[in-house]
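Residue numbers (this note's numbering): 6 to 572.
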């Protein structure tokens, strides 16, 4: 498999894409105002202890206090915990107490960051874990002889009473490289402990590296063929870091200088946009549907246009196998965390079910974030649990719609017009002015006015006000704006952008609903009904205004041009 790391830098944000066989599988973004807190180490002050939740809130000098669960306290591994009972957090922490903590999960929504007292310091090849006393080896190193070799080296070079995990990047490394790494991490830990003694809480003791350098440390290994970056300064910095970490990888680093933006050159922008879509098309003709709730993410698999060549079971298996691979990629790309439920197309053959499960498991092995495929439920659903560390791609790039509040749907024009009418009546009851000019969505305006203005006349009669309505594409379907209120003369002068006898060049936008032989045009939202222009939609026409009313003007044709032709 060919793996590439593509880096796009500018003053506003840094973006890093991981490609596998030229397909985007992971995307990382960091902005100066939204730097990640994960990995940072703080001297925090316990703000309050919550025995009912077995947790505490800790002040680390952020917008919200951070959350520390009892199982993330180093002391929770004592004899009482091993005996099968969880110690009360009241015994372990007290308000006002100063403790060293590390952020392990970003804050989400109204939740603050999550903390642990079990500090980890990642290096290139090793992870130092002060406070523990064992050596572990990454599960991704599968060769048993290599695992034993690395474990023996680390046992020999690690300090007493310090735990170490051997990272995947250490595979094949000699003792000298491992020793350099552990010496660096031990020195870093000494600096952190010294800062803890000297600083007053809350205080930052150690900040993890910026995004590009974390990627170099954690992702840029021998199985990456190219590291391409479009900023010359950062390119030189990466080379400097590799002088210390892995000099042999320097020849794989390239400075991108093409005029075409780097993410466009590699097709990454398009893939990012597609990853935000609810529906993802499969090459076989099937498709996936993603629905996210507060509690879980549901993925539905459909055959779509794919009808297969042989029989129904083969068609279903092929669709499900392709879906399994794509789902694993989308989970990584979208960074979906928590509970994931996949509704594959029903399979009767037990062997086919096993093929699909093994396919999704195999593809998820490439994921650095831990994910567990829990198997099929009695309803034929596949359950996946994936650790949630960062905000997902959707949360990073999008916000809740300010109009629908996240519902994803709006009222129909008919329902919206009734609601707008009721709200407008309430407003006009308190309004003392003689006339008002109201702006609203053009579909709602049309329904509120009614054929020949009959509904608007009724509304004026009920409210005792002169009402002028202007339709606009820029107003939300469920909203309206009061542009002007005052005397009838004042509002009329502002409401009518045309007067009888004027000549205008306008574009015919649509045919009239009630009179198809008439065409509709608009000036500042004001409707112009053009006699005889029903078949000229899209054409520029010259018209003369022959009548002006509260809601529209009537006009007749003088000259017109077809699309693309001059008058």
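Built from N, CA and C at the ideal position, the CB exists for glycine as well. These numbers come from a predicted model, not from an experiment.
Exercise for review: Pick out whichever of 149, 176, 160, 437 has its Cα sitting closest to the Cα of residue 129.
Suggested key: Looking at the Cα atoms, 176 is the closest of the given residues.
Practice item. With 8 Å as the threshold, decide whether the Cβ of residue 560 is near any Cβ in chain B. Key: Absence of chain B from the displayed structure is noted, only one protein chain being present.
Exercise for review: Pick helix, strand or coil for residue 127, following the three-state DSSP scheme.
Suggested key: Strand.
**Study point:** Residue environment, residue 84, which counts as buried when at least 16 other CB atoms sit within 10 Å
**Key:** Interpretation of residue 84 is limited by its pLDDT of 46, a score under 50 that renders its predicted location unreliable; no figure is taken from the coordinates.
Exercise for review: Using beta-carbon positions only, say whether residue 249 and residue 24 come within less than 8 Å of one another.
Suggested key: Taking 8 Å as the Cβ cut-off, residue 249 and residue 24 do not qualify as a contacting pair.
**Study point:** Beta-carbon separation (whole angstroms), residue 527 vs residue 536, contact threshold 8 Å
**Key:** So it is not a contact: roughly 16 Å between Cβ atoms.
Point to revise | DSSP-derived helix/strand/coil call for residue 107 | key: It is a strand residue.
Exercise for review: Alpha carbon to alpha carbon, how far is residue 406 from residue 476? Give it in angstroms, no decimals.
Suggested key: Counting only the Cα atoms, residue 406 lies some 23 Å from residue 476.
Point to revise | Reference residue 440, options 533, 563, 548, 487, closest by Cα | key: Residue nearest to residue 440 within the set 533, 563, 548, 487 is 487 (criterion: CA-CA distance).
**Study point:** Those runs of the beta strand (DSSP E) which lie wholly inside the stretch 212 to 255 and span at least 3 residues
**Key:** As far as the stretch 212 to 255 is concerned, its whole beta strand (DSSP E) runs of at least 3 residues are 231 to 234.
**Study point:** Simplified DSSP state of residue 56, which is helix, strand or coil
**Key:** The answer is coil: DSSP assigns residue 56 none of H, G, I, E or B.
**Study point:** Inter-residue spacing [alpha-carbon to alpha-carbon] between residue 370 and residue 429
**Key:** Using only the alpha carbons, I get a separation of about 58 Å.
Practice item. Go ahead and pull the three-state DSSP assignment for residue 510. Key: Looking at residue 510 - three-state DSSP - the assignment turns out to be strand.
Exercise for review: Please go through the stretch 278 to 306 and give each complete beta strand (DSSP E) segment of 3 or more residues, from N-terminal end onward.
Suggested key: Qualifying beta strand (DSSP E) stretches, in chain order: 284 to 286, 292 to 297.
**Study point:** Nearest candidate by alpha-carbon position, reference residue 297, set 340, 184, 474
**Key:** Of all alpha-carbon atoms in 340, 184, 474, the one lying nearest the alpha-carbon of residue 297 is that of 340.
Point to revise | Neighbourhood of residue 221 by C-beta distance below 8 Å, restricted to the same chain and skipping five residues each side | key: Taken in chain order, the residues that qualify are 232, 243, 246, 247, 250.
Point to revise | With 16 other Cβ atoms within 10 Å as the buried cut-off, status of residue 93 | key: It is exposed - the Cβ of residue 93 has fewer than 16 other Cβ atoms within 10 Å.
Practice item. Would you check if the stretch 206 to 219 and the stretch 41 to 54 touch, i.e. whether three or more CB-CB distances between them fall below 8 Å? Key: Yes, they touch.
Review point. Do residue 523 and residue 543 have their C-beta atoms within less than 8 Å of each other?
Key: Between residue 523 and residue 543, the gap from beta carbon to beta carbon reaches 8 Å or more.
Exercise for review: Compute the Euclidean distance between the alpha carbons of residue 166 and residue 212, then round it to the nearest angstrom.
Suggested key: Each residue's Cα considered, the two are about 24 Å apart.
Review point. How many angstroms separate the CA atom of residue 88 from the CA atom of residue 75?
Key: Here the model assigns residue 88 a pLDDT of 47, short of 50, so the residue's position is not dependable and the matter cannot be decided.
Point to revise | Counted within 10 angstroms of its Cβ, other Cβ atoms place residue 521 as buried (16 or more) or exposed | key: With fewer than 16 Cβ atoms within 10 Å of its Cβ, residue 521 is classed as exposed.
**Study point:** Local conformation of residue 182 per DSSP, three classes
**Key:** Helix.
Check your understanding: So what does residue 550 bridge to, in DSSP terms?
Key -> Residue pairing from DSSP places residue 550 in a beta bridge opposite 560.
Check your understanding: Skipping 5 residues on each side, what residues in its chain have a beta carbon closer than 8 Å to that of residue 327?
Key -> Once the five neighbours on either side are set aside, the close Cβ partners of residue 327 are 287, 288, 289, 291.
Practice item. Have a look at the DSSP bridge pairing and note the partners of residue 135. Key: Answer is 167, bridged to residue 135.
Check your understanding: What do you get for residue 252, buried or exposed, if any count of 16 or more other CB atoms within 10 angstroms of its CB means buried?
Key -> It counts as exposed.
Exercise for review: Compare the beta carbon distance of residue 110 and residue 43 with 8 Å and say whether it is the shorter of the two.
Suggested key: For residue 110 and residue 43, yes; Cβs fall inside 8 Å.
Check your understanding: CB residue 504 to CB residue 553, shorter than 8 Å?
Key -> Yes, Cβ-Cβ distance for residue 504 and residue 553 is below 8 Å.
Check your understanding: Hey, residue 345 and residue 301: beta-carbon distance below 8 Å or not?
Key -> A contact, by the Cβ cut-off of 8 Å.
Practice item. Would you check if the stretch 265 to 282 and the stretch 142 to 158 touch, i.e. whether three or more CB-CB distances between them fall below 8 Å? Key: Fewer than three Cβ pairs drawn from the stretch 142 to 158 and the stretch 265 to 282 lie within less than 8 Å of each other, which leaves the two stretches out of contact.
Check your understanding: Which of helix, strand or coil does DSSP assign to residue 538?
Key -> Correct three-state label for residue 538: coil.
Practice item. Could you check the C-alpha separation between residue 125 and residue 217 for me, to the nearest Å? Key: Per the coordinates, the alpha-carbon of residue 125 lies some 20 Å from the alpha-carbon of residue 217.
Point to revise | residue 351 to residue 323 span [Cα, whole Å] | key: Near 12 Å, if we compare the C-alpha coordinates of residue 323 and residue 351.
Check your understanding: Counting pairs of Cβ atoms below 8 Å between the stretch 235 to 242 and the stretch 254 to 268, do you hit three or more?
Key -> Verdict: yes, contact present.
Review point. Out of curiosity, what's the CA-to-CA distance linking residue 468 and residue 532?
Key: Approximately 23 Å, taken between the alpha carbons.
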